[in-house]
Amino acid sequence: MRDAWTLDPDIVFLNHGSFGACPKVVLEEQNRLRSRLEAEPVRFMVRELPVLHAQARTALGAFIGADAEELALLPNATTAVNAVVRSLPLQPGDEILVTDHEYNACRNVADFVAARRGAVVRTASIPYPVASPEDALAPLVEALTDRTRLVMVDHITSSTALVFPVEALASLLEERGIDFLIDGAHAPGQVPFDLRRLPKAFYTGNAHKWLCTPKGSAFLRVPRDRQHEIRPAVISHGANAPTGRQSRFRQEFDWCGTDDPTPYLCLPAALDFMEKAMPGGFPAVMQRNHELVVEGRRILTDALGLEPPAPESMLGSMASLTLPARVVEGELGAWDMDPLQERLLDEEQIEVPLFPWPAPGQRQLRISAQLYNTRDDYLRLASALTKLL
Numbered sequence: 012m013r014d015a016w017t018l019d020p021d022i023v024f025l026n027h028g029s030f031g032a033c034p035k036v037v038l039e040e041q042n043r044l045r046s047r048l049e050a051e052p053v054r055f056m057v058r059e060l061p062v063l064h065a066q067a068r069t070a071l072g073a074f075i076g077a078d079a080e081e082l083a084l085l086p087n088a089t090t091a092v093n094a095v096v097r098s099l100p101l102q103p104g105d106e107i108l109v110t111d112h113e114y115n116a117c118r119n120v121a122d123f124v125a126a127r128r129g130a131v132v133r134t135a136s137i138p139y140p141v142a143s144p145e146d147a148l149a150p151l152v153e154a155l156t157d158r159t160r161l162v163m164v165d166h167i168t169s170s171t172a173l174v175f176p177v178e179a180l181a182s183l184l185e186e187r188g189i190d191f192l193i194d195g196a197h198a199p200g201q202v203p204f205d206l207r208r209l210p211k212a213f214y215t216g217n218a219h220k221w222l223c224t225p226k227g228s229a230f231l232r233v234p235r236d237r238q239h240e241i242r243p244a245v246i247s248h249g250a251n252a253p254t255g256r257q258s259r260f261r262q263e264f265d266w267c268g269t270d271d272p273t274p275y276l277c278l279p280a281a282l283d284f285m286e287k288a289m290p291g292g293f294p295a296v297m298q299r300n301h302e303l304v305v306e307g308r309r310i311l312t313d314a315l316g317l318e319p320p321a322p323e324s325m326l327g328s329m330a331s332l333t334l335p336a337r338v339v340e341g342e343l344g345a346w347d348m349d350p351l352q353e354r355l356l357d358e359e360q361i362e363v364p365l366f367p368w369p370a371p372g373q374r375q376l377r378i379s380a381q382l383y384n385t386r387d388d389y390l391r392l393a394s395a396l397t398k399l400l
């Protein structure tokens, strides 16, 4: 299957999780759409785009169990988190509850909004290693107070690659009348889920990761009865345009200014590719990738003498391991990479991320499994790590 991607054949690529990787046929569809756009920009952007937009939302909605009219297509999940958190009417003393596994960009959104509203961001400490989904859920439940207005949780955490029990948490929060924002940046295409089982939750996910669209493709799901509250991060013409047959939500989110819409317009092509990639369709792809990453983790733990930090049931198509701490010579900047990550690429031709979590000096190695990966990739990584650590 590696031939279906444009990945460098000299690199063992074990970091699908960061930015995804787009198959050749999907890139070809994007080029066709871009050529169509540039042949007659006004016709495409004004007359054709609304129809193509609806087709993309319909294809996505069928895959994730969402009404197409609940969905907004956006460039990334961080933009969606900004839209929701900035829109909610938080008051002084209100609380936003997050976890200590929260993706940094989204934690920054919570901090930014709280500072301007006089609200408070509280952090639930999730054990790691973790023994079960229940052990991950308990600290969140214990941290709820009568001032909690919003809970924001990663469906799959970035640094630690844990699949959180979002359905169980959603039911509890719905009973208490607390808003729930699920940052599913990594989830669509990595684990099966159905948004009909999360009827009240705000949900965002990236399509350019595990759905394999081109970069700059994501979505936000807002239940219909909350759409009048949620505004896009960028206010444009839709704020005062006549709604006609469209809702204000549709008008505002479908046009946030001129950009390249082709990444998310490729959703039908990407979903079709992944569905046809192997017998059994996309569910079989997710199961295959899950089994491969579990095997990859086992290879690494055996080679390095490490214990798995989470049960297999809490993994999707990624897995993390805690590596020995490095000597800290100053904190790494936001775009600085761990020296070991650089050596793995430069000396061993292996692309795999290391994250400084939970504190500088401590680090998580995260592996991904996609259709282009094989067992040999993890054997090569294990051999390299035994040499370099």
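Under my numbering, think of the first position of the sequence shown as 12, with each following residue one higher.
All C-beta atoms in this analysis are idealised placements derived from N, C-alpha and C, irrespective of residue type, glycine included.
The Cβ neighbour count for T17, taken over all protein chains shown within 10 Å, is under 16; the residue is labelled exposed. Within the segment 172 to 236, complete alpha helix (DSSP H) segments of at least 4 residues are found at 177 to 187, given in chain order.
For the options N217, G188 and E178, the alpha carbon positioned closest to that of F204 is the one of E178. Between L326 and V363, the gap from beta carbon to beta carbon reaches 9 Å or more. Under the 10 Å beta carbon count, G307 is surrounded by 16 or more other beta carbons and is classified as buried.
Around A321, the same chain offers P140, V141 and L173 as residues with beta carbons nearer than 7 Å, after the five sequence neighbours per side are excluded. At a Cβ-Cβ threshold of 9 Å, K398 and E359 count as neighbours.
DSSP, reduced to helix, strand and coil, places I22 outside both helices and strands of the structure shown, so it counts as coil.
The C-alpha of M297 is placed about 10 Å away from the C-alpha of E286. According to DSSP, D165 shares a beta bridge with D194. C-alpha of Y114 to C-alpha of S169: approximately 6 Å in a straight line.
If you compare the alpha carbons of R127, D122 and S143 with that of R133, the shortest gap goes to D122. The three-state reading of DSSP puts S324 in helix, counting H, G and I together. Nearest Cα to L184 within the set T159, P103, Q66 and T215: T159. The shortest C-alpha to C-alpha distance from N217 to any of G268, A229, R208 and Q66 is the one to A229. With fewer than 16 other CB atoms across the displayed protein chains lying within 10 angstroms of its CB, I22 is exposed. Pairing P61 with D265 gives a Cβ-Cβ distance under 9 Å.
If you compare the alpha carbons of P150, V36, P103 and L400 with that of R127, the shortest gap goes to P103.
Straight-line measurement puts the Cα of S29 at about 20 Å from the Cα of L311. A distance below 6 Å between beta-carbons, with the five flanking residues on each side excluded, links H112 to the following residues of its chain, in chain order: I137, T168 and T171. Looking at the DSSP output, W16 sits in a beta bridge with P34.
Of the candidates E263, A280 and F366, E263 places its Cα closest to the Cα of V245.
When secondary structure is reduced to three states using DSSP, I241 falls in the coil class, being assigned neither helix nor strand. Between the alpha carbons of A281 and V37 lies a distance of about 6 Å. Bounds of the alpha helix (DSSP H) holding M285 are L278 to E286. Per the coordinates, the alpha-carbon of A196 lies some 30 Å from the alpha-carbon of T254. Across the structure, A314 and P350 are spaced so that their CA atoms are roughly 21 Å apart.
Close CB contacts of A336 within its chain, under the 6 Å cut and outside five residues either way in sequence, are with G372 and Q373 (chain order).
A distance below 7 Å between beta-carbons, with the five flanking residues on each side excluded, links R207 to the following residues of its chain, in chain order: G76.
Following the DSSP letters along the chain, one finds Q352 inside the alpha helix (DSSP H) bounded by residues P350 to E359.
Bridge partners of S46 according to DSSP: none are assigned.
The three-state secondary structure of T333, taken from DSSP, is strand.
Ranking H248, L303 and A67 by CA distance to the CA of T385 puts L303 first. Under the three-state reduction of DSSP, Q375 is assigned to strand. In the three-state reduction of the DSSP assignment, R133 falls in the strand class. Straight through space, the alpha carbons of E49 and D146 are spaced by roughly 53 Å.
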